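**Q** Sequential numbering of the sequence shown, starting at 139, is according to the working numbering.
Just so you know, even glycine gets a beta-carbon here, dropped at the ideal spot from N, CA and C.
A quick note: this is a predicted structure, and the numbers were derived from the prediction, not measured.
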Amino acid sequence: MKTKTQRFLGAILDIFFPNQCCACKRPIPMDETFCKECEEKLEYLPDLSWKLMFPQSINGKRPDYDYANAVFLYAGTAKQAILGFKDHFALPLADYAAERLSLKLDSDGIDDIDLVTCVPIHRSKKLRRGYDQAERFAKAMAEVLGKEHDGSILGHTKSRVAQHQRGMAERFESAEKTYFLREDKPDISGRHILICDDIFTTGATINKCASLLKQAGAEKVSAVTICLTDSLGLLSAENIQTNKKP
139 MKTKTQRFLG AILDIFFPNQ CCACKRPIPM DETFCKECEE KLEYLPDLSW KLMFPQSING
199 KRPDYDYANA VFLYAGTAKQ AILGFKDHFA LPLADYAAER LSLKLDSDGI DDIDLVTCVP
259 IHRSKKLRRG YDQAERFAKA MAEVLGKEHD GSILGHTKSR VAQHQRGMAE RFESAEKTYF
319 LREDKPDISG RHILICDDIF TTGATINKCA SLLKQAGAEK VSAVTICLTD SLGLLSAENI
379 QTNKKP
């Protein structure tokens, strides 16, 4: 229960720094992330094994990630929130997703993570945007898990075409050229690395980054994203549980 002081401070913040719904921008209390209308429309991923929702073959080979999970299907309200997450106003989405993913990790027995990192964006994009949304999410995951965060492991070469504008084959080809291990990276030999990104689409980006982490000595790589795009048709409509929090 909140104290009178906490309620008073919350009221002051609501007046001078109004909080917004991460999907529709309606004013909401400071301790909330979505308005009631938007929260009712969120499409949470079903309570299924991650292996039924994420590809178990990448270009005909076993994925380099050992585990993957997400919170939402990339559609409707969650898609709106992700677009807002790339545009500053929906930054609280990172903490919201991190809390729920920590429960999924715990439920799946993923309790030996050593270090949290993220899929990097090019420094020029980070400068234009003012922040890296995947890094913001990774830091939220590290905080809720009580683990170290390090964003200096992977690098990103500049590309003229955004990954979301490419076809499936182009995504895999581009990922091979785009991501690299940084020379000043920390020693991650024998460690379990959790890599974070905002959206899992084909797995091209996550898989390439996982491959690089293992090249650098990581023993295990787990991946979490805020949303999962069902580009491979692994999810059917009846499996999506609307308005059911994990």
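For the beta strand (DSSP E) that residue 362 lies in, which residues bound it at each end?
**A** Taking the sequence shown and counting its residues from 1, the one referred to as residue 362 is at position 224. 358-366 is the extent of the beta strand (DSSP E) around residue 362.
**Q** Would you kindly work out how many angstroms separate the C-alpha atoms of residue 161 and residue 173, rounded to a whole number?
**A** Start at 1 with the first residue of the sequence shown, and residue 161 comes out as number 23. Start at 1 with the first residue of the sequence shown, and residue 173 comes out as number 35. Computed Cα separation, rounded: 8 Å.
**Q** Pick helix, strand or coil for residue 209, following the three-state DSSP scheme.
**A** As a working mapping, residue 209 is identified with position 71 in the sequence shown. Three-state DSSP puts residue 209 in a strand.
**Q** With a threshold of 8 Å between beta carbons, is residue 275 in contact with chain D?
**A** Given the protein chain composition of this structure (a single chain), no chain D is represented.
**Q** Give the DSSP-derived three-state secondary structure of residue 220 in the structure shown.
**A** To locate residue 220, count along the sequence shown from 1; it is residue 82. Note: residue 220 maps to helix in three-state DSSP.
**Q** If we count the other Cβ atoms within 10 Å of its Cβ and call it buried at 16 or more, is residue 355 buried or exposed?
**A** Working through the sequence shown from its first residue, we reach residue 355 at position 217. Exposed is the call here.
**Q** From residue 240 to residue 224, what does the alpha carbon distance come to, in whole angstroms?
**A** Reading the sequence shown from its first residue, position 102 is the one you call residue 240. Reading the sequence shown from its first residue, position 86 is the one you call residue 224. One C-alpha to the other measures close to 22 Å.
**Q** At the level of alpha carbons, what is the spacing between residue 317 and residue 373?
**A** As a working note, residue 317 is residue 179 in the sequence shown. As a working note, residue 373 is residue 235 in the sequence shown. Distance between the alpha carbons of residue 317 and residue 373 is about 29 Å.
**Q** My assumption, with CB atoms under 8 Å, is that residue 257 sits in contact with residue 347. Please give the rounded CB distance.
**A** Indexing the sequence shown from 1 puts residue 257 at position 119. Indexing the sequence shown from 1 puts residue 347 at position 209. Rounded, the Cβ-Cβ distance is 5 Å, consistent with contact.
**Q** Could you pull out every unbroken beta strand (DSSP E) segment of at least 3 residues lying fully inside the region 280-349, listed in chain order?
**A** Entirely contained in the region 280-349, the beta strand (DSSP E) runs reaching 3 residues are, in chain order, 292-294, 317-319, 330-338.
**Q** Taking DSSP as the reference, what is the three-state secondary structure of residue 178?
**A** Along the sequence shown, one-based indexing puts residue 178 at 40. Here residue 178 sits in helix by DSSP.
**Q** Assuming residue 239 is part of the beta strand (DSSP E), what are its boundary residues?
**A** Within the sequence shown, numbered from 1, the residue matching residue 239 stands at position 101. Taken as a continuous stretch (DSSP letters only), residue 239 belongs to no beta strand (DSSP E), being part of the alpha helix (DSSP H) at 231-245.
**Q** Below 8 Å on the Cβ atoms is my contact criterion, and I expect residue 365 with residue 248 to pass it. Report the Cβ-Cβ distance as a whole number of Å.
**A** Translated into the one-based positions of the sequence shown, residue 365 becomes position 227. Translated into the one-based positions of the sequence shown, residue 248 becomes position 110. So it is not a contact: roughly 19 Å between Cβ atoms.
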